[in-house]
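For reference, the structure discussed in these notes is given below.
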Amino acid sequence: MFCVFAVLVMTQAYAKTRKVVYVVFDGIPADYIERVHPETVFDVAKRGGYARAYTGGEIGGYSQTPTISAVGYMNILTGTWLNKHNVPGNSNLEPNYNYWSLFRIAKKQKKNFTTALFSSWTDNRTVLIGAGRPETDNLQIDIVRDGYELDGSDLKRADGRPDIFAIDSVVCREAAACIRRDAPDLSWVYLWYTDDAFHAHGDGTYVDNYVRKTDEQVARIWEAVKYREKNFDEEWMVILTTDHGRNESGRGHGGQSARERSVWISTNVGRLNGHFGAPTLSLVDILPTICRFMGFEMPRDVAFEKDGISFYGEEDISDLTVHPYDSEVQLRWKCGRSKDDAVVYMATTNNYKSGGRDEWIEVGRVKADECGMTVDLGRYPESKFYKFVVATPHTVLNRWLLK
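Start counting at 1 in the sequence shown, then tack on 361, and there's your number in the working numbering.
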């Protein structure tokens, strides 16, 4: 089944059973979370770290991505930008399931990892993750608590609309109880109300209050994690984050302004590398970070399409750029302390996008600390499209070149 690409495999034997829960607070920009400074977000960070990050892909580039909610969830879920996952908004969604989600990766492991979703929006499961769809190999989530916003739910306001904050509170209680009792290996918790409050009220004391109230609900989950670590032989990675920022008033989002692109990540784990806190830290880095922590393996072709790198553990290289000049292209990257080889691959097709396979050609290898390599394109058939991958023992970087 697997053509395992060793770059993303942790071979260390763990003394404790590892678990992950990540929580998405919808639509809180980094400046806001830092000013309000909710207790749980920063209590988690005391064990590990807090950093600003970005969303939205590369402005003006092939990966530019709207700063919209479902889009942000997919950035996290797939470790890719819009040009790959194909979710441009919140409705009429047709995700490209060829780019595997974190849940699909978990379920393709040799070991049976249990998965859980706690959410107020059923599309997170049925559309974005693609649970039960043939395109995802009939992927199933083991534990599901969602649908609280649907008709028939008693979590309603006086006007009959869903009471979103009440829904978020139930979601957090269900997640905390499940973690205490069942300890799923991989859990996603989605909280909606902060975005709803911003849309209605913009920046102000009302939203300040509900950011803190939401944080108090997340404290239940954090306490459940600490309970598991104290009473069971487990080590947990907790990641708290958001899906997008906001415009200057706080009421809107979707564009490429600095504040709309500004997000944040809080985590309890140590061994954070130099990428955590770097200007290039982004939402697509969450998937490879979780995969590394959990020791998840993935096929090489799947790994080659991921746009992020792990901010946990070893970091060999980062920030790949390509610079064409006549018939050559210079690849440049930031290098750390690694003395290992960096292997450079090239493909001139994008068959992967439609479920096919690309022929990856090894075009050279250099020491990672050389920070770059030049590829003579004249040695290969001419193309208008190139995909490049630079792979080291701990990191995979990819970049497209459109000529």
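Every residue gets a Cβ at the ideal spot worked out from N, C-alpha and C, and that includes glycine.
**Study point:** Beta-carbon contacts of GLY638 that lie in its chain and below 6 Å, excluding the five residues immediately before and after
**Key:** Sequence index remark: in the sequence shown, residue 638 carries index 277 (1-based). ALA412, listed in sequence order.
**Study point:** With 16 other Cβ atoms within 10 Å as the buried cut-off, status of GLU723
**Key:** Stepping through the sequence shown from its first residue, residue 723 is reached at position 362. It is exposed - the Cβ of GLU723 has fewer than 16 other Cβ atoms within 10 Å.
Review point. Where does TYR686 fall in DSSP's three states?
Key: Position 325 of the sequence shown, counted from the first residue, corresponds to residue 686. Three-state DSSP puts TYR686 in a strand.
Review point. Buried or exposed: ASP387, going by 16 or more other Cβ atoms within 10 Å of its Cβ?
Key: Here residue 387 refers to the residue found at position 26 of the sequence shown. The residue is buried, with at least 16 neighbouring Cβ atoms inside 10 Å.
**Study point:** Best match in PHE403, GLY410, ASP404, SER430 for proximity to THR416 [C-alpha to C-alpha]
**Key:** On the sequence shown, position 55 is the one that residue 416 refers to. It is SER430.
Exercise for review: Between the Cα of PHE526 and those of THR753, LEU454, ASN570, spot the shortest distance and give me the residue it belongs to.
Suggested key: The residue labelled residue 526 in the question sits at position 165 within the sequence shown. Answer by Cα proximity: ASN570.
Check your understanding: If you follow the beta strand (DSSP E) that THR602 is part of, which residue opens it and which one closes it?
Key -> Your numbering for residue 602 matches position 241 in the sequence shown. It spans 595–603 - the beta strand (DSSP E) in which THR602 sits, taken as one unbroken run.
Practice item. Check whether the Cβ atoms of TRP549 and ILE528 sit closer than 8 Å, and answer yes or no. Key: Counting from 1 along the sequence shown, the entry for residue 549 is found at position 188. Counting from 1 along the sequence shown, the entry for residue 528 is found at position 167. Not a contact, by the Cβ cut-off of 8 Å.
Check your understanding: With a CB to CB cut of under 6 Å and the five nearest residues on each side skipped, what residues in its chain are close to TRP761?
Key -> Within the sequence shown, residue 761 is the residue found at index 400, counting from 1. Excluding sequence neighbours, TRP761 sits near TYR423, LYS748.
Review point. With distances taken from CA atoms, which of ARG522, LYS469, ASP687 is nearest GLY739?
Key: Residue 739 sits at position 378 when you count from the first residue of the sequence shown. Minimum Cα distance to GLY739 is reached at ASP687.
Practice item. Have a look at ARG589, LEU758, SER623 and flag the residue whose alpha-carbon is nearest the alpha-carbon of THR378. Key: Sequence index remark: in the sequence shown, residue 378 carries index 17 (1-based). Out of ARG589, LEU758, SER623, ARG589 has the C-alpha closest to the C-alpha of THR378.
Check your understanding: Where does the unbroken alpha helix (DSSP H) through SER430 begin, and where does it stop?
Key -> In the sequence shown, the residue the question calls residue 430 occupies position 69. Segment 430–439, the alpha helix (DSSP H) holding SER430.
Check your understanding: Going by C-alpha distance, which of ILE437, PRO742, GLY611 is nearest ALA558?
Key -> Taking the first residue of the sequence shown as 1, we reach residue 558 at position 197. Closest by alpha carbon: GLY611.
**Study point:** Residues bridged to ASN759 (per DSSP)
**Key:** Taking the sequence shown and counting its residues from 1, one reaches residue 759 at position 398. According to DSSP, which records beta bridges pairwise, ASN759 is partnered with VAL750.
Check your understanding: Got a sec: does the ligand NAP put a non-hydrogen atom nearer than 7 Å to the Cβ of GLY410?
Key -> The ligand NAP is absent from the structure shown, which contains no ligand whatsoever.
Practice item. Would you kindly check if the distance between the Cβ of ASP646 and the Cβ of ILE670 is under 8 Å? Key: As a first step, residue 670 is located in the sequence shown; it is residue number 309 there, counting from the start. As a first step, residue 646 is located in the sequence shown; it is residue number 285 there, counting from the start. In this structure, ASP646 lies closer than 8 Å to ILE670 by Cβ.
Practice item. Starting from TYR567, follow the alpha helix (DSSP H) in both directions and report where the run begins and ends. Key: Along the sequence shown, read from residue 1 onward, the residue named residue 567 stands at position 206. Per DSSP, TYR567 belongs to the alpha helix (DSSP H) from 566–592.
Exercise for review: Determine the closest residue to PRO640 out of LEU633, PHE665, SER623, with distance taken between C-alpha atoms.
Suggested key: Locating residue 640 in the sequence shown gives position 279, where the first residue counts as 1. Here the closest residue by C-alpha is SER623.
**Study point:** Cβ distance (whole Å) where ASN608 is taken to contact GLU621 below 8 Å
**Key:** In the sequence shown, counting from the first residue as 1, residue 608 sits at position 247. In the sequence shown, counting from the first residue as 1, residue 621 sits at position 260. Yes, they are in contact, since the Cβ atoms of ASN608 and GLU621 sit about 6 Å apart, within 8 Å.
Review point. What did DSSP end up calling CYS696 once you bin it into helix, strand or coil?
Key: In the sequence shown, counting from the first residue as 1, residue 696 sits at position 335. Strand, per DSSP.
**Study point:** From ASN436, ALA467, GLY716, GLY508, residue whose alpha carbon lies closest to that of VAL532
**Key:** Taking the first residue of the sequence shown as 1, we reach residue 532 at position 171. If we check each option's Cα against that of VAL532, GLY508 comes out closest.
**Study point:** Minimum C-alpha distance to TRP446 - residue among VAL384, ASP515, LYS714, GLY513
**Key:** As a working mapping, residue 446 is identified with position 85 in the sequence shown. At residue 446 the sequence reads His, which differs from the Trp that was named. Closest by alpha carbon: LYS714.
Check your understanding: Among THR575, THR475, SER643, ASN451, which residue has its Cα nearest to the Cα of SER341?
Key -> No statement about residue 341 is possible, as the shown extent of the chain runs from 362 to 764 and does not include it.
Check your understanding: Using the C-alpha atoms, what's the distance from VAL750 back to THR372?
Key -> Position 11 of the sequence shown, counted from the start, is the residue given in the question as residue 372. Position 389 of the sequence shown, counted from the start, is the residue given in the question as residue 750. Residue placement at THR372 is poorly supported in this model, since its pLDDT is 40, which falls under 50; the coordinates are not used for a value here.
Review point. Does the beta-carbon distance from GLY433 to ASP604 come in below 8 Å?
Key: As a working note, residue 433 is residue 72 in the sequence shown. As a working note, residue 604 is residue 243 in the sequence shown. Yes.
Review point. What three-state label does DSSP hand GLY674 in the structure shown?
Key: For this step, residue 674 is matched to residue 313 along the sequence shown. Note: GLY674 maps to coil in three-state DSSP.
Practice item. Note down, in chain order, each residue of its chain lying with its Cβ closer than 8 Å to the Cβ of PHE746, except the 5 sequence neighbours on either side. Key: For the purposes of this step, residue 746 is identified with residue 385 of the sequence shown, where counting begins at 1. Around PHE746: THR709, THR710, ASN711, TRP761, LEU762, LEU763, LYS764.
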